[in-house]
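Undergrad: Next up is a structure, given as structure tokens.
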Amino acid sequence: MQENIKMGVLGFSSSPSSFAWFFVVLSLVMNAAVLCNGGKTSRFIRKLEATGDMPLDSDVFQVPHGYNAPQQVHITQGDHVGKAVIVSWVTANEPGSNTVLYWSEGSEIKKKAEGKVHTYTYSNYTSGYIHHCTIRNLEDNTKYHYVIGIDHTMRKFWFITPPEVGPDVPYTFGLIGDLGQTFDSNKTLTHYEKNPQNGKTMLFVGDLSYADHYPNHDNVRWDTWGRFTERSVAYQPWIWTAGNHEIDFEPSIGETKPFKPYTHRYHVPYKASGSTAPFWYSIKRASAYIIVLSSYSAYGTYTPQYQWLQDELPKVNRKETPWLIVLMHSPWYNSYNYHYMEGETMRVMFESWFVQYKVDVVFSGHVHAYERSERISNIAYNITNGMCTPVNDQSAPVYITIGDGGNIEGLANNMTEPQPAYSAYREASFGHAMFDIKNRTHAYYSWHRNEDGYAVEADSMWFYNRYWHSVEDSTS
Ligand SMILES: [Fe+2]
């Protein structure tokens, strides 16, 4: 009986030559299992073109006309729940007014909010007058107009507040990382703006201006970046993550305070989530709970970031905000031969928490290419047990590397071969992504390369929420 079953399964008798064939076939199958990957490496070849920074006299860097006109205007969420907005801008000639005049569309009543102004120096550079003003108590889902530059040259912009936080609120986030200010950067931003999915808020995963590419980290390139991105970020909030190009630590020129230009220019609502530093914080927006972490601040046991995250994760109420999204700059899972394992120490510290609290997705940048992982974890490994291979784990997040904004350092195109089983899709192209939340169970994710038309999706995936609908959602 036993023999018959073997015959049925294997299809040959147990003679010596058959055994030899069996081992040949078995060895082929085993080799295939080891060498084959579960994912796809796209062989798409992008057009070769210059990736240099756009020249200083480019139209995208133009200084707005008028005396002391506000420039580099940008907004971000100003509180924990989306009822406040931080408006920031720079004036070049004199401090001017700190007032933001704002009103909801159709309303006759104009309100005023007062901000603060400051400057900073970096090596031989002195900044313009940098203004930050928080507007509070905004109505949900409302279009607001705002005016800055009162007393001198006034400029008018608008934004739309998110719907009230709730479990089934649809909302569309854009994703860009490592943008810089090259011709490719401009293409990435244009593709995001023209994407018919209509991103409402940008989740930016770090590395903004790449000013540190220049001698003395020429902070003029922070100004040009502010003017370049204004066309989007003056109208919709960008949620900031600090990358390594924000550190600007340069003792050789006397600059020893990390993140100096970044923290002066880009404010975030970190205190609203109980954080003690602007590099790690959280916000709720629509149906998402977004946790921003810093790859370049201490995260070992007992450190402020560690303690904050330990206290923060249990606070996430998935019945209110089903989608738990984490942003960080340096990826934990990356199969390119660039920045390999730079994120490993943070993974060791935090990965088990991400699995325990069922994070839906982790977005990172840093590697200048695109990659999406399977749902995997590597938390069984404890150094001595040898269990160091990531395994499928339906409680684990999908890890997406989207450092393909198009900066001056160019593309990462050298990949680990064969593609590891945990890597679902990878491609060395510039682009952006969209995370389109439909309801508490479903979100549609797509990645768009700059070489395609605005509506084309080069990679996509339906995300099933890990709290409400925790079934397999792999595309492989
Ligand atoms: Fe980076």
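Take the UniProt record's numbering: the final residue in the sequence shown is number 476, and no numbers are missing along the way. A virtual CB, placed ideally from N, CA and C, is assigned to each residue, including glycine.
1. What residues sit near ligand 1, counting only those whose C-beta is closer than 5 Å to one of its heavy atoms, in chain order?
2. Three-state secondary structure (DSSP) at tryptophan 94?
3. Among the candidates Thr134, Asp151, His118, Tyr171, whose CA atom is the shortest distance from the CA of asparagine 141?
4. Determine whether the Cβ of tryptophan 280 lies closer than 9 Å to any Cβ atom of chain C.
5. For tyrosine 306, which three-state DSSP category applies?
6. What are the partner residues of threonine 41, as DSSP defines its beta bridges?
7. Scan the segment 226 to 290 and note each continuous beta strand (DSSP E) run of 3 residues or more that stays entirely inside, going in chain order.
8. What's the C-alpha gap between glutamate 342 and alanine 113?
9. Helix, strand or coil for asparagine 392? Go by DSSP, reduced to three states.
10. With a threshold of 8 Å, are at least 3 pairs of Cβ atoms found where one atom belongs to the segment 415 to 422 and the other to the segment 153 to 168?
11. Closest to glycine 453 by CA distance: which of Asp473, His432, Trp462, Met461 is it?
12. Which value, in whole angstroms, describes the spacing of the CA atoms of phenylalanine 430 and isoleucine 109?
13. Which residues in the same chain have their Cβ closer than 6 Å to the Cβ of phenylalanine 354, if we skip the five residues on either side of it in sequence?
14. Of all the options Arg347, Val63, Ala443, which has the alpha carbon lying nearest to the alpha carbon of glycine 300?
15. Taking a contact to mean a Cβ-Cβ separation below 9 Å, would you say glutamate 320 touches phenylalanine 44 in this structure?
16. Any idea what DSSP makes of lysine 187, helix, strand or coil?
17. Would isoleucine 283 and phenylalanine 435 be called neighbours here (beta carbons separated by less than 9 Å)?
18. With a cut-off of 8 Å on the beta carbons, I'd call arginine 372 and aspartate 248 a contact; round off their distance for me.
19. Contact check, glutamate 351 vs asparagine 382 under 8 Å by CB: the rounded distance?
20. Please report the distance separating the alpha-carbon of aspartate 393 from that of alanine 424.
21. According to DSSP, simplified to helix, strand and coil, what is glutamine 197?
22. If we ignore side chains and look at the alpha-carbon of each, how far apart do cysteine 258 and serine 42 end up?
23. Would you identify the three-state DSSP class for tyrosine 192, choosing helix, strand or coil?
24. Taking 8 Å as the limit between beta carbons, can you name the residues of its chain near serine 15, skipping five residues before and five after?
25. Which residues share a DSSP beta bridge with histidine 442?
26. Just to confirm, are valine 100 and alanine 234 a CB contact at a threshold of 9 Å?
27. Let's see if you can read the secondary structure: which residues bound the beta strand (DSSP E) around arginine 155?
28. How big is the Cα-Cα spacing for glycine 206 and glycine 386?
29. Going by other Cβ atoms of all chains shown within 10 Å of its Cβ, with 16 needed for buried, is lysine 271 buried or exposed?
30. One question on the structure: do tyrosine 338 and valine 367 come within less than 9 Å of each other, judged by their Cβ atoms?
31. What does the Cβ neighbour count give for histidine 65, buried or exposed, with the cut at 16 atoms within 10 Å?
32. Compare the Cα-Cα distances from arginine 124 to each of Val63, His245, Glu255 and report the closest residue.
33. Hey, isoleucine 402 and tyrosine 370: beta-carbon distance below 9 Å or not?
34. So, for histidine 245: in the same chain, excluding its five sequence neighbours on each side, which residues have a beta-carbon less than 6 Å away from its beta-carbon?
35. For leucine 411, count neighbouring C-beta atoms within 10 Å of its own C-beta (all shown protein chains included) and say buried if the count is 16 or more, exposed if not.
TA: Reading from the atomic positions:
1. Qualifying residues come out as Asp207, Gly243, Asn244, His366.
2. Position 94 of the sequence shown, counted from the start, is the residue given in the question as residue 94. Correcting the residue type first, residue 94 is glutamate in the shown sequence and not tryptophan. If DSSP states are grouped into helix, strand and coil, glutamate 94 belongs with coil.
3. In the sequence shown, counting from the first residue as 1, residue 141 sits at position 141. Comparing Cα-Cα distances from asparagine 141 to each of Thr134, Asp151, His118, Tyr171, the minimum goes to Tyr171.
4. The structure shown contains no chain C; it is built from a single protein chain.
5. Taking the sequence shown and counting its residues from 1, one reaches residue 306 at position 306. Helix, per DSSP.
6. Numbered from its first residue, the sequence shown carries residue 41 at position 41. According to DSSP, threonine 41 bridges with Arg426.
7. 281 to 285, all fully within the segment 226 to 290.
8. Indexing the sequence shown from 1 puts residue 342 at position 342. Indexing the sequence shown from 1 puts residue 113 at position 113. Looking at the two C-alpha atoms, the distance is approximately 42 Å.
9. Residue mapping note: residue 392 aligns to position 392 of the sequence shown, counting from 1. Note: asparagine 392 maps to strand in three-state DSSP.
10. When Cβ pairs closer than 8 Å are counted between the two stretches, the segment 415 to 422 is seen not to touch the segment 153 to 168, the count staying below three.
11. Counted from its first residue, the sequence shown places residue 453 at position 453. Closest option to glycine 453, judged by alpha-carbon separation, among Asp473, His432, Trp462, Met461: His432.
12. Position 430 of the sequence shown, counting from 1, holds the residue named residue 430. Position 109 of the sequence shown, counting from 1, holds the residue named residue 109. C-alpha of phenylalanine 430 to C-alpha of isoleucine 109: approximately 44 Å in a straight line.
13. Here residue 354 refers to the residue found at position 354 when the sequence shown is read from its first residue. Cβ contact annotation for phenylalanine 354 (same chain, cutoff 6 Å, sequence separation greater than five): Pro397, in chain order.
14. What you label residue 300 is simply residue 300 of the sequence shown in a count that begins at 1. Residue Arg347 holds the alpha-carbon nearest to the alpha-carbon of glycine 300 among Arg347, Val63, Ala443.
15. Looking up residue 320 in the sequence shown gives position 320. Looking up residue 44 in the sequence shown gives position 44. Going by C-beta atoms, glutamate 320 is not nearer than 9 Å to phenylalanine 44.
16. Locating residue 187 in the sequence shown gives position 187, where the first residue counts as 1. DSSP places lysine 187 in helix when its eight states are reduced to three.
17. As a working mapping, residue 283 is identified with position 283 in the sequence shown. As a working mapping, residue 435 is identified with position 435 in the sequence shown. Cβ atoms of isoleucine 283 and phenylalanine 435: not closer than 9 Å.
18. On the sequence shown, position 372 is the one that residue 372 refers to. On the sequence shown, position 248 is the one that residue 248 refers to. So it is not a contact: roughly 31 Å between Cβ atoms.
19. As a first step, residue 351 must be located in the sequence shown, where it is residue number 351. As a first step, residue 382 must be located in the sequence shown, where it is residue number 382. Taking the Cβ atoms as the reference, glutamate 351 lies roughly 12 Å from asparagine 382, outside the contact range of under 8 Å.
20. For the purposes of this step, residue 393 is taken as the residue at position 393 of the sequence shown. For the purposes of this step, residue 424 is taken as the residue at position 424 of the sequence shown. Cα to Cα, the separation comes out at about 14 Å.
21. Working through the sequence shown from its first residue, we reach residue 197 at position 197. In the structure shown, glutamine 197 sits in coil (DSSP, three-state: anything other than H, G, I, E or B).
22. By one-based count along the sequence shown, residue 258 stands at place 258. By one-based count along the sequence shown, residue 42 stands at place 42. The residue asked about is misnamed: residue 258 is proline in this sequence, not cysteine. Rounded to the nearest angstrom, the two C-alpha atoms are 38 Å apart.
23. For the purposes of this step, residue 192 is taken as the residue at position 192 of the sequence shown. Here tyrosine 192 sits in helix by DSSP.
24. By 1-based counting over the sequence shown, the position of residue 15 is 15. With a pLDDT of 43 at serine 15, under the threshold of 50, the modelled position of that residue is not reliable, and the figure given next carries that caveat. The beta carbon of serine 15 sits closer than 8 Å to none of the beta carbons in its chain outside the five residues before and after it.
25. Taking the sequence shown and counting its residues from 1, the one referred to as residue 442 is at position 442. Histidine 442 has Tyr464 as its beta-bridge partners, per DSSP.
26. Numbered from 1 along the sequence shown, position 100 holds the residue referred to as residue 100. Numbered from 1 along the sequence shown, position 234 holds the residue referred to as residue 234. Valine 100 is not a Cβ neighbour of alanine 234, given a cutoff of 9 Å.
27. Within the sequence shown, residue 155 is the residue found at index 155, counting from 1. It spans 155 to 160 - the beta strand (DSSP E) in which arginine 155 sits, taken as one unbroken run.
28. Residue 206 sits at position 206 when you count from the first residue of the sequence shown. Residue 386 sits at position 386 when you count from the first residue of the sequence shown. Glycine 206 and glycine 386 have their C-alpha atoms some 34 Å from each other.
29. In the sequence shown, counting from the first residue as 1, residue 271 sits at position 271. Residue environment: lysine 271 is assigned as exposed (fewer than 16 neighbouring CB atoms within 10 Å of its CB, all protein chains considered).
30. The count along the sequence shown starts at 1 and reaches residue 338 at position 338. The count along the sequence shown starts at 1 and reaches residue 367 at position 367. Between tyrosine 338 and valine 367, the C-beta gap is smaller than 9 Å, which places the two residues in contact.
31. The count along the sequence shown starts at 1 and reaches residue 65 at position 65. Exposed is the label assigned to histidine 65, since fewer than 16 other Cβ atoms lie within 10 Å of its Cβ.
32. What you label residue 124 is simply residue 124 of the sequence shown in a count that begins at 1. In the sequence on display, residue 124 carries asparagine and not arginine. Of the candidates Val63, His245, Glu255, the residue whose Cα lies closest to the Cα of asparagine 124 is Glu255.
33. Position 402 of the sequence shown holds residue 402. Position 370 of the sequence shown holds residue 370. In this structure, isoleucine 402 lies near tyrosine 370, with their beta-carbon atoms less than 9 Å apart.
34. Position 245 of the sequence shown holds residue 245. Correct list, in chain order: Asp207, Tyr210, Asp212.
35. The count along the sequence shown starts at 1 and reaches residue 411 at position 411. Leucine 411 comes out buried.
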